[in-house]
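Colleague: Pasting in a structure now, in structure tokens, and then I'll have a few things to ask.
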Amino acid sequence: MHLNLKPLHPLFAAEATGVDLRTPPTPELSAAIHEAMNRYAVLVLPGQAIDDEEQLRFAASLGKLEPMPAQVELEKQRLKHREMVDISNLDTDGSILKADDRRRMFNLGNQLWHTDSSFKRTPAMFSMLHARSIPPAGGETEFADMHAAWDELPEATKALVEPLVCEHSLLYSRALLGFEDWTEEDRKAFAPVPQRLVRRHPGSGRKSLYLASHIGAIRGWPRPEALMLVRELMEHATQPRFVYRHKWRVNDLVIWDNRCTMHRGRPYDDKRYERDMRRATTEDVGPTLEQPA
Ligand code: OGA
Ligand code: MN
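Oh and the sequence shown: position 88 is 161 in this note's numbering, straight run, nothing missing.
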């Protein structure tokens, strides 16, 4: 096994070839992936004709699988494994979701800039998204480099934001799309959790902005001021020079580090074309407030 790396962007993201994930991952491969992730934060592994079990096996070789993905409504699952997140526009019988389906509306939230599971106390570390079928146009995924975004902040802004703690909730990001009719259960399950706004990556030693559309408050700040600052930081962090846009091919597996990147899906004609993507996710080591700053 030799992992060949080819940069895809001036700042981050690389294509990784020389591996076949249909064969069981070795400790050497896992070490090489971790090392490459420390440097590039996004890896594209093309031509991986893997099934759900192989994808989960690879994910588990890199860390602890995120147990049960959070969902607002526990729908019947299309996919067999609970650890596999269904990032498709398909119903349980494989047909395209109807235009007015609430799940379809809810999936639109993936098109907001975010980092996975920051609304959980222990958020996600790596996400591994595999393309099984893609639409003829649109449906790209964009990634933004939160190390570079941090590095390029003015010194005064760095000093201002460094000690801040944000409150993240899935309900905050969905509220941006007009979802308001939460049940008491939803409110309990998705009560805001605190996360550091600035974190240090243990693998690279670099600092990053930990931003997401899930943020709805900053501890100790009046809400309008907090939301204005977050909006300002989001605009800064998602400038085109920080962004790599991935145009999918079937059997691409893309791994991203949620600790130092944001991502968003791009629109496509989801009422007409099928887009079947499946995600395996590993957990971070603990809540960001319990990690060294
Ligand atoms: C995800 C996600 C965006 C996309 O899988 O976590 O946000 O392009 N995906 O499907
Ligand atoms: Mn996501």
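C-beta: ideal position from N, C-alpha, C; glycine also.
Where does V145 fall in DSSP's three states?
Modeller: Any reading at V145 needs caution, since the residue's pLDDT is 46, under 50, leaving its predicted position unreliable; the model's value is listed next. It is coil, neither helix nor strand.
Colleague: Distance, Cα to Cα, V145 vs F216?
Modeller: In this prediction, V145 scores a pLDDT of 46, lower than 50, which makes its location untrustworthy; the coordinate-derived value is nonetheless stated afterwards. Taking the straight line joining both Cα atoms gives about 25 angstroms.
Colleague: Going by DSSP, name the residue or residues bridged to A114.
Modeller: Bridge partners of A114 according to DSSP: none are assigned.
Colleague: Considering only the alpha carbon of each residue, which of G359, C333, R345 lies closest to N111?
Modeller: C333
Colleague: Buried or exposed: where does Q128 fall if 16 or more other Cβ atoms within 10 Å of its Cβ makes it buried?
Modeller: buried
Colleague: Is the number of C-beta pairs between the region 161-179 and the region 272-291 that are closer than 8 angstroms three or more?
Modeller: Proximity of the region 161-179 to the region 272-291 falls short of the contact definition, fewer than three beta-carbon pairs being nearer than 8 angstroms.
Colleague: Excluding the 5 residues flanking M307 on each side, which residues of the same chain have their C-beta closer than 8 angstroms to its C-beta?
Modeller: W186, L284, S286
Colleague: Where does Y341 sit, in a helix, a strand or coil, going by DSSP?
Modeller: coil
Colleague: Just tell me which of M201, G211, K149 has its CA closest to the CA of L118.
Modeller: M201
Colleague: Can you give the Cα-Cα distance for Q364 and W223, rounded to whole angstroms?
Modeller: 18 angstroms
Colleague: Considering Cα atoms alone, identify which of F179, K149, I207 is closest to H319.
Modeller: I207
Colleague: Could you tell me how far apart the beta carbons of R348 and M157 are, in whole angstroms, since I believe they sit closer than 8 angstroms?
Modeller: Incorrect: roughly 16 angstroms between the Cβ atoms, too far for contact.
Colleague: Assuming L135 contacts I106 (C-beta within less than 8 angstroms), just tell me the rounded distance between them.
Modeller: Yes, L135 and I106 are in contact; Cβ-Cβ is about 6 angstroms, under 8 angstroms.
Colleague: Would you report the Cα separation of R95 and A122, rounded to the nearest angstrom?
Modeller: 7 angstroms
Colleague: Who sits around the ligand MN, taking every residue whose Cβ is closer than 6 angstroms to one of its heavy atoms?
Modeller: N183, H187, D189, H336
Colleague: Among the candidates D164, E126, L233, S191, whose CA atom is the shortest distance from the CA of L302?
Modeller: L233
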